[in-house]
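**Q** Sequence lines, in order, name chains A and B.
The opening position of the first sequence corresponds to residue 2 in the working numbering, with each subsequent residue numbered one higher.
The opening position of the second sequence corresponds to residue 1016 in the working numbering, with each subsequent residue numbered one higher.
Think of the CB as a built atom: it goes at the ideal place given N, C-alpha and C, for glycine as much as any other residue.
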Amino acid sequence: MRKLPSYFGLQLKRAARLLPRMLAVTLLLAVLSAMSALILARLNEDDPSRERVRIGVAGDSGEEILSQALDLLQSVDSSRFSVGFVRMEEAEGRKLLEKGELSGLVLFPDGFAQALQYGEHRPVTYLTNTAGSDVGSLMTRELVASISSLILETENAVYGAQALVQAQLPDRDPYRAGDQLITRYASAILDRARLYALELPQAGDSLSLAASYLCGLSLVFVLLWSVSCSPFFSRRSRELGQVLSADGLGAAAQVFCEFLAFFLLLLCALAAAGLLAFLLLGRFGVVIPELQRTEGSALSLLPALLPPALMLGAFQFLLYELSGSAVSGILLQFLSAVLQGYLSGCFYPSSFFPEGLRRLGALLPAGVGMEYLRAALLALPENPARVLVWSYFLLFLLLSLLLRRRRNRS
Amino acid sequence: MDLSVENIQKRYGRNRVLTGASFGADRGDCAGIIGSNGTGKSTLLRILAGVLRANGGRCLWQGEDLLRHPSLRARTVAYVPQGTPLIEELSALDNLRLWYTPKDLERSLDEGLLRDLGVPDFLKTTASRLSGGMRKRLSIGCALARDPSVLLLDEPTAALDLVCKERILETFESFRRSGGLLVLVTHDQWEMELCSQLHLLSGGKLSPYTYTGDLQGLLRDLERP
C-alpha cells in the first residue's frame, strides 16, 4: 500500500506543474470569448435591423391616415426602440414572413380608418410565423383580441361622447370636446408607464434570471475546464498503468489517485473563477437576489457547486478514459461541454425549449447539476437532484474503473 | 528448475494465441523468446508479469504458482514493457520515487544497479526530455526497485544506439551474475547472444532453439509455420 500515497503524491505534483499552463489557456479562451462577444455586440449595435423586431403593416392602401399614425408611433412611442413597423404590400409581407425576415404582419382591411370614424369595427388580421398552441402563441392571440376590442370600445366611447355633447351641450363644439376626451383618455389610459406594472414574483421554486445565469455559467466553466485539462490526461502512459497493476496498484487505486488530483485542479480553477466572479459582480453592481436573501456573495456559491463539480469531473474523466488520443479527447470534451451547456439550460433558460428537449436536458449531467444548484440556491429543504448527482458520480467513476481495467489488460 | 512455465494458454475471442507454451529456467539463466510478429511473445510475457490473465497453465517459481499468488509474483517478478512506463511531466528522480523507498533509492544510486545504468547522469531531467536510451535505462531502473528474482523484458534494446545497448546488456549480465533470472522477448542478435537458452514461439507453443549465428537459417525458421 506504500505505492498508493506515492502515486497520489506524484499525480498531485504533475497536476501542480500543469496548473499554470491550464489556467493560462483558460484565461486566453475566456478573453477570446469575451472579445468575440464584444465584437458581435458592437456589430449588432451598428445594424438597427438586427436589434429590433420588424413588423410589416399592409392593407387599407387608400388611407394616408394609417401611414401617418405609424409614423407618429415610430417617432413618439417608446416601442420604437424595440419594434420597427414597415409599410408594405400584403404579398411582399407574406413572402418576408415566410423567409423569417419579419416577425409579424398586420393586415388592415380596406376602409379600416374610414369605418373606424363611424364606430364600425373591421377586424385587423395579425399574421405571425410562430403558430402553435404554446403559451406564447396563445398570449399573442389574446393580446391581439384585447387591443382590437380596446381600440373599438375607445372609438365607440369617443363618438358616443361627441353625440352626448352635441345633444346636451349645444353651445360647445362637439369635435373639440371629442379631441379633449381623446387626449385625456390617451394620457390617462394608454400611458404605457401607468397602463400596467410588470412584477415577477419569486415563485417558490424558480431562480431569478441573474441566479440562473450565474449557475449556468459556473457549470459551463466546469464543463470547459476539462478542455484545458487535456495535458493532464493525454500524456498518461498506458504501460505505467499496466506495470502498476501488475505490481499491486490496481485500476481502482489508479483511477482514485488520478481523479482526486484532477478534481483538486478543478477546485483551484473554481476558486480562481469564483474570486473573479465576486470581483466582477461587485464592480458592475449585479445583484443575485437568492444570494442577497442569505447575505452571501458569489463565493458562497462554491460549496453548493462542489457536488455537481465532482459529478461533472467524473464524467469528464470518463470521457478521457474513452478517448484514444489527445485530439479525440479534446474534441469529445468540447462537444460534450457545448451540447450539455446548451441542452441543459446553461446558455438559455431551458424553458425556451420544447418539452422533449427539456426532459432530455434535465437528465444530462449538466442538467442534473443545474437542478442541484437551483435547489441549493433556493435553500429548499429537500434537494431532489442530490440522489441523482451522487448516483451519476459513482456510475461515471465505476465506468472509468472498468475502462481502465480493460485498458490495463489490453 | 527455479522457474517452470507450464502449458500457458491464451485466447482472444476465437483467436487462440497461446495453445500450451512451456519452458523452464534457473537462477542465473537468460531465457530468450523469439518468434515472428504476432505469434504471442509479448502476450506470454504479460501473462507472466500478471498484466494479462491466462486461460490455462501454470507459472511455478520454486514450486509456487505465481499466477495464483499475486503478492508473491509482485515480490518475485519485475516487468519492463516495450513502451515507457514513466510519468512524462516529472523528473527521473520523481519517477524512481514511485518505486523505491528513499533509503533504497539512495543506496542504489550510490552503489547499486541505478549507478551501473548511469541514471545519476540525468536524475533531474524531466522524463519527456530524456532520449530513448535514457528512458529505457530509467524504466529498467524502476523495475529493479524491489530487487526481483525474475526480470521480464520486452525487446529491451530495440531502437537504441550501440553505446546504450552495451550499457544495458552489461547491467543484465550483472543482474544474472547476482543470481537473477532474465526472460526476454527479442529480435536482436546481441540479445540472443546474451541468452543461455532460446525458445522459438510458433503456433502458440514454445520449442527450444539453438542459434548458431546463421541469420539466414534463423529467418527460415521464423517463417516456418
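Take B/Y1027 as the anchor and find which of B/G1055, B/S1217 and B/V1020 has the nearest alpha-carbon.
**A** What you label residue 1027 of chain B is simply residue 12 of the second sequence in a count that begins at 1. Residue B/G1055 is the option with its Cα nearest to B/Y1027.
**Q** Could you tell me whether the Cβ atoms of B/L1132 and B/I1102 are closer together than 8 Å?
**A** Here residue 1132 of chain B refers to the residue found at position 117 when the second sequence is read from its first residue. Here residue 1102 of chain B refers to the residue found at position 87 when the second sequence is read from its first residue. Result no, Cβ atoms of B/L1132 and B/I1102 do not sit closer than 8 Å.
**Q** Could you work out which residue in A/R88, A/G362 and A/G57 is closest to A/Q69 when comparing CA atoms only?
**A** For this step, residue 69 of chain A is matched to residue 68 along the first sequence. Closest option to A/Q69, Cα to Cα, is A/R88.
**Q** Tell me the rounded alpha-carbon separation between A/Q167 and A/L151.
**A** The sequence position of residue 167 of chain A within the first sequence is 166, counting from 1. The sequence position of residue 151 of chain A within the first sequence is 150, counting from 1. So the two alpha carbons sit approximately 24 Å from each other.
**Q** Does any residue of chain A have a CB that is nearer than 8 Å to the CB of B/I1155?
**A** Position 140 of the second sequence, counted from the start, is the residue given in the question as residue 1155 of chain B. Cβ-Cβ to chain A under 8 Å: no for B/I1155.
**Q** Would you mind giving the Cβ-Cβ distance between B/P1171 and A/L241, rounded to the nearest angstrom? I have them listed as a contact below 8 Å.
**A** By 1-based counting over the second sequence, the position of residue 1171 of chain B is 156. By 1-based counting over the first sequence, the position of residue 241 of chain A is 240. The pair is not a contact, with the Cβ atoms about 17 Å apart (cut-off 8 Å).
**Q** Is the Cβ of B/E1206 closer than 8 Å to any Cβ of chain A?
**A** Taking the second sequence and counting its residues from 1, one reaches residue 1206 of chain B at position 191. So no, B/E1206 is outside the interface.
**Q** Any beta carbon from chain A within less than 8 Å of B/R1122's own beta carbon?
**A** The count along the second sequence starts at 1 and reaches residue 1122 of chain B at position 107. It does not; no Cβ of chain A falls within 8 Å.
**Q** Measure the Cβ-Cβ separation of B/R1130 and B/L1124 and say whether it is below 8 Å.
**A** Residue mapping note: residue 1130 of chain B aligns to position 115 of the second sequence, counting from 1. Residue mapping note: residue 1124 of chain B aligns to position 109 of the second sequence, counting from 1. Against a cut-off of 8 Å, the Cβ pair of B/L1124 and B/R1130 comes out as a contact.
**Q** Under 8 Å, with one C-beta from each stretch per pair, do the stretch 311-319 of chain A and the stretch 396-411 of chain A reach the 3-pair mark?
**A** At 8 Å Cβ cutoff, the stretches touch.
**Q** Relative to chain A, which residues along the stretch 1083-1101 of chain B have a C-beta separation below 9 Å, given in chain order?
**A** Listed by position along the chain: P1085, S1086, R1088, A1089, V1092, A1093, Y1094, V1095, P1096, Q1097, G1098, T1099, P1100 and L1101.
**Q** Which bits of chain A does B/R1150 rub up against, with CB to CB less than 7 Å?
**A** Sequence index remark: in the second sequence, residue 1150 of chain B carries index 135 (1-based). Within 7 Å Cβ-Cβ: nothing; B/R1150 doesn't reach chain A, min ~11 Å.
**Q** Within 10 angstroms of the Cβ of B/N1030, are there 16 or more other Cβ atoms? Answer buried if so, exposed if not.
**A** Along the second sequence, read from residue 1 onward, the residue named residue 1030 of chain B stands at position 15. Exposed, since its Cβ has fewer than 16 Cβ neighbours within 10 Å.
**Q** Give me the Cβ distance between B/L1105 and A/R15, rounded to the nearest whole Å; I'm assuming they're in contact under 8 Å.
**A** Within the second sequence, residue 1105 of chain B is the residue found at index 90, counting from 1. Within the first sequence, residue 15 of chain A is the residue found at index 14, counting from 1. At roughly 6 Å, the Cβ-Cβ gap stays under 8 Å, so B/L1105 and A/R15 are in contact.
**Q** Could you give the DSSP three-state label for A/S235: helix, strand or coil?
**A** One-based indexing of the first sequence puts residue 235 of chain A at position 234. Residue state, collapsed to three classes: helix.
**Q** With a threshold of 7 Å on Cβ separation, who are the neighbours of B/A1158 within its own chain once the five nearest residues in sequence on each side are excluded?
**A** In the second sequence, the residue the question calls residue 1158 of chain B occupies position 143. Excluding sequence neighbours, B/A1158 sits near A1093, Y1094, V1095 and L1166.
**Q** Would you call the stretch 227-238 of chain A in contact with the stretch 319-338 of chain A, where contact means no fewer than 3 C-beta pairs closer than 8 Å?
**A** Yes: the two stretches touch, three or more of their Cβ pairs being nearer than 8 Å.
**Q** Counting only Cβ-Cβ distances shorter than 9 Å, please list the residues of the stretch 1064-1077 of chain B near chain A, keeping chain order.
**A** Under the 9 Å Cβ criterion, the stretch 1064-1077 of chain B contributes A1064, G1065, V1066, L1067 and R1068.
**Q** Tell me which residues of the stretch 1050-1061 of chain B have at least one Cβ-Cβ distance to chain A shorter than 9 Å, keeping chain order.
**A** Correct list: R1061.
**Q** Looking only at its own chain, which residues have a Cβ that is under 6 Å from the Cβ of A/L165, when we skip the five neighbours before and after it?
**A** Stepping through the first sequence from its first residue, residue 165 of chain A is reached at position 164. The answer is none, since no qualifying residue turns up.
**Q** Just the chain B side, please: which residues come within less than 9 Å of A/S227 by C-beta, in chain order?
**A** Along the first sequence, read from residue 1 onward, the residue named residue 227 of chain A stands at position 226. The contacting residues do not exist; A/S227 stays about 18 Å from chain B at best.
**Q** Could you compute how far the alpha carbon of B/D1236 sits from the alpha carbon of A/F335?
**A** Here the question's residue 1236 of chain B lines up with position 221 in the second sequence. Here the question's residue 335 of chain A lines up with position 334 in the first sequence. Rounded to the nearest angstrom, the two C-alpha atoms are 52 Å apart.
**Q** For B/R1112, which residues in chain A fall below 9 Å Cβ to Cβ?
**A** Counting from one through the second sequence, the residue named residue 1112 of chain B turns up at place 97. Simply S7, G10 and L11.
**Q** Our contact map puts A/P110 next to A/G60 with C-beta atoms below 8 Å; I'd like the distance itself, whole angstroms only.
**A** Here residue 110 of chain A refers to the residue found at position 109 when the first sequence is read from its first residue. Here residue 60 of chain A refers to the residue found at position 59 when the first sequence is read from its first residue. Rounded, the Cβ-Cβ distance is 6 Å, consistent with contact.
**Q** Ignore the nearest five residues each way along the sequence and tell me which others in B/N1022's own chain have a CB closer than 6 Å to its CB.
**A** In the second sequence, residue 1022 of chain B corresponds to position 7, counting from 1. G1035, S1037 and G1072.
**Q** Would A/L224 and A/A376 be called neighbours here (beta carbons separated by less than 8 Å)?
**A** Reading the first sequence from its first residue, position 223 is the one you call residue 224 of chain A. Reading the first sequence from its first residue, position 375 is the one you call residue 376 of chain A. Against a cut-off of 8 Å, the Cβ pair of A/A376 and A/L224 comes out as no contact.
**Q** For A/E99 and A/I56, I'd like the C-alpha separation in whole angstroms.
**A** As a first step, residue 99 of chain A is located in the first sequence; it is residue number 98 there, counting from the start. As a first step, residue 56 of chain A is located in the first sequence; it is residue number 55 there, counting from the start. About 13 Å.
**Q** Less than 8 Å separating the beta-carbons of B/V1066 and A/R410?
**A** As a first step, residue 1066 of chain B is located in the second sequence; it is residue number 51 there, counting from the start. As a first step, residue 410 of chain A is located in the first sequence; it is residue number 409 there, counting from the start. Going by C-beta atoms, B/V1066 is nearer than 8 Å to A/R410.
**Q** Do B/Q1024 and B/N1070 have their C-beta atoms closer together than 8 Å?
**A** Indexing the second sequence from 1 puts residue 1024 of chain B at position 9. Indexing the second sequence from 1 puts residue 1070 of chain B at position 55. Cβ distance < 8 Å, so B/Q1024 and B/N1070 count as in contact.
**Q** Does the distance from the CB of B/R1090 to the CB of A/S7 come in under 8 Å?
**A** As a working mapping, residue 1090 of chain B is identified with position 75 in the second sequence. As a working mapping, residue 7 of chain A is identified with position 6 in the first sequence. Not closer than 8 Å, so no.
**Q** Where does A/R177 land, buried or exposed, given buried means 16+ other C-beta within 10 angstroms?
**A** Start at 1 with the first residue of the first sequence, and residue 177 of chain A comes out as number 176. Counting Cβ neighbours within 10 Å, A/R177 comes out exposed, since fewer than 16 surround it.
**Q** Assuming contact is defined by CB atoms lying nearer than 8 Å, are A/A315 and A/F260 in contact in what I supplied?
**A** Walking along the first sequence from the start, residue 315 of chain A turns up at place 314. Walking along the first sequence from the start, residue 260 of chain A turns up at place 259. Against a cut-off of 8 Å, the Cβ pair of A/F260 and A/A315 comes out as a contact.
**Q** List the endpoints of the continuous beta strand (DSSP E) containing B/A1242.
**A** Since the displayed chain B opens at 1016 and closes at 1240, residue 1242 of chain B lies outside it and no answer follows.
**Q** Leaving out five residues on either side along the sequence, give the residues of the same chain with a beta carbon under 7 Å from the beta carbon of B/N1110.
**A** The residue you call residue 1110 of chain B lines up with position 95 of the second sequence. Taken in chain order, the residues that qualify are L1101, I1102, A1142, L1153 and C1157.
**Q** Using a Cβ-Cβ cut-off of 8 Å, state whether B/L1018 counts as contacting chain A.
**A** As a working note, residue 1018 of chain B is residue 3 in the second sequence. It does not; no Cβ of chain A falls within 8 Å.
**Q** Just by C-beta distance, which residues in the stretch 325-355 of chain A are closer than 8 Å to chain B?
**A** Taking 8 Å as the Cβ-Cβ cut-off against chain B, none of the residues of the stretch 325-355 of chain A qualify.
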